[in-house]
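Asker: Mind having a look at this structure? Questions to follow.
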Amino acid sequence: MIDENNIKVLISEEEISKKINELALKISNDYAGRDIHLICILKGSVFFSCELAKKITIPVTMDFMSVSSYGDELVSSGRVKIVKDLDESIKDKDVIIIEDIIDSGRTLAYLMELLGTRSPKSLEICTLLDKPERRVTDVKVKYVGFEIPDEFVVGYGLDYKQKYRNLAYIGVV
53 MIDENNIKVL ISEEEISKKI NELALKISND YAGRDIHLIC ILKGSVFFSC ELAKKITIPV
113 TMDFMSVSSY GDELVSSGRV KIVKDLDESI KDKDVIIIED IIDSGRTLAY LMELLGTRSP
173 KSLEICTLLD KPERRVTDVK VKYVGFEIPD EFVVGYGLDY KQKYRNLAYI GVV
């Protein structure tokens, strides 16, 4: 059983805010003069996607996808399931997939392949957290907030059995 007393702060709310500002500035500069379309991967990246979108200084549109590879487990099952697909076409759009965490890379590799078939002008990945030592699939991530060790984390959108998403920090269980 996990409770908040068993969660140690790994990345503070202030550190997250500072990093989001840095990522938004880099994205705004990289896509200057263009519109971008953000794809928020539900549910975990909602907090990150919304804060990032507010800080980007160029025109932004958003859509949402829900994919699952965890269920209620602490480790990825390795099987990716589309729970909710996009509502609109990404054809000829500059698209950035917004993810909360990249672990094995299977989900993002699958999404890059799937969305790549939908003819976007460009397709990149932005993640708040990256666990490179857990990677089993090669996936190119253009924008990375924090590289973290191989520990189970919650907070700022990340959950354990749908709990602890609302923590304002990233914590290690």
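Sequential numbering of the sequence shown, starting at 53, is according to our numbering.
Quick reminder that beta carbons are idealized off the backbone N, C-alpha and C, glycines included.
1. Starting from Lys159, follow the alpha helix (DSSP H) in both directions and report where the run begins and ends.
2. Identify the continuous beta strand (DSSP E) that holds Leu175 and give its terminal residues.
3. Here's a check: name, in chain order, each residue in its chain whose Cβ is nearer than 6 Å to the Cβ of Ser174, leaving out the five neighbours to either side.
4. Using the Cα positions of Gly248 and Cys178, report the straight-line distance between them to the nearest angstrom.
5. Going by DSSP, what residues sit across from Leu94 in a beta bridge?
6. Can you tell me which residues form a DSSP beta bridge with Val210?
7. For Ile108, which residues from the same chain have a beta carbon less than 6 Å from its beta carbon, with the 5 sequence-adjacent residues on both sides left out?
Answerer: Concretely, from the data shown:
1. Indexing the sequence shown from 1 puts residue 159 at position 107. Just to set this straight, residue 159 is Thr in the shown sequence, not Lys. Residues 158-168.
2. Taking the sequence shown and counting its residues from 1, the one referred to as residue 175 is at position 123. Leu175 -> beta strand (DSSP E) spans 174-182.
3. Counting from 1 along the sequence shown, the entry for residue 174 is found at position 122. Asp146.
4. Residue 248 cannot be examined here, being either before or after the span of the chain that is shown, 53 to 225.
5. Residue numbering aside, residue 94 sits at position 42 when the sequence shown is read from its first letter. Partner(s): Ser118.
6. As a first step, residue 210 is located in the sequence shown; it is residue number 158 there, counting from the start. It is Leu, not Val, that sits at residue 210 in the sequence shown. Answer by DSSP bridge pairing, in chain order: Gly207.
7. Looking up residue 108 in the sequence shown gives position 56. Here the set comprises Ala76, Ile79, Ser80.
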